[in-house]
Amino acid sequence: MSVLMEIWHAIHAVVASADYYTLGAAVVIILIAGFLMESVGSIVPVTLASLLGFVLVKAVITMVTGHHDIAVLAGDYWVAFKDLPMLLLLAYALIFGVLISVVSTIRNIIR
2 MSVLMEIWHA IHAVVASADY YTLGAAVVII LIAGFLMESV GSIVPVTLAS LLGFVLVKAV
62 ITMVTGHHDI AVLAGDYWVA FKDLPMLLLL AYALIFGVLI SVVSTIRNII R
């Protein structure tokens, strides 16, 4: 049970610590992925693709708002990815996977 609580706290930390740009980008990517998903059986590849898209959009937002050089930003992102705890990656994957499934299910019900 403590493992589930650790995952829940990681999910809560991701959602509670995000700024408006990050939440907006995540919502847009989740909506697009949910509408483009063919069936629930393709949730894993769609989630992974949406996470990669989220990282790219987050990098563009950082470049536009912070005026960072792309080479320096790529190096910083690589170092941050290597130091990323797997619990945090799992939290992002669960958030994206569940919300993409909800959007896809709602789309299939309405259609």
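With the first letter of the sequence shown counted as 1, position 94 gets the number 95 in our numbering; the numbers rise by one all the way through.
Glycine residues also receive a C-beta, built at the ideal position from the N, C-alpha and C atoms.
Computed from a predicted structure; not experimentally measured.
- Note that the C-beta distance between Ala50 and Ala34 is below 9 Å.
- Three or more pairs of CB atoms, one per stretch, sit closer than 8 Å, so the segment 37-44 contacts the segment 92-108.
- Straight across, the Cα-Cα distance linking Leu89 with Val80 is about 15 Å.
- If you look at Glu7, you'll find it in the alpha helix (DSSP H) that goes 3-18.
- Within the model, the alpha-carbon separation for Leu24 versus Ile96 is close to 12 Å.
- The Cβ atoms of Ala11 and Phe55 do not sit closer than 9 Å to each other.
- Shortest Cα-Cα distance from Leu91 to any of Asp20, Leu52, Leu32, Val73 involves Leu52.
- In the DSSP assignment, Leu32 falls within the alpha helix (DSSP H) that extends over 21-37.
- The shortest CA-to-CA distance from Ala94 to any of Val47, Met6, Thr63 is the one to Val47.
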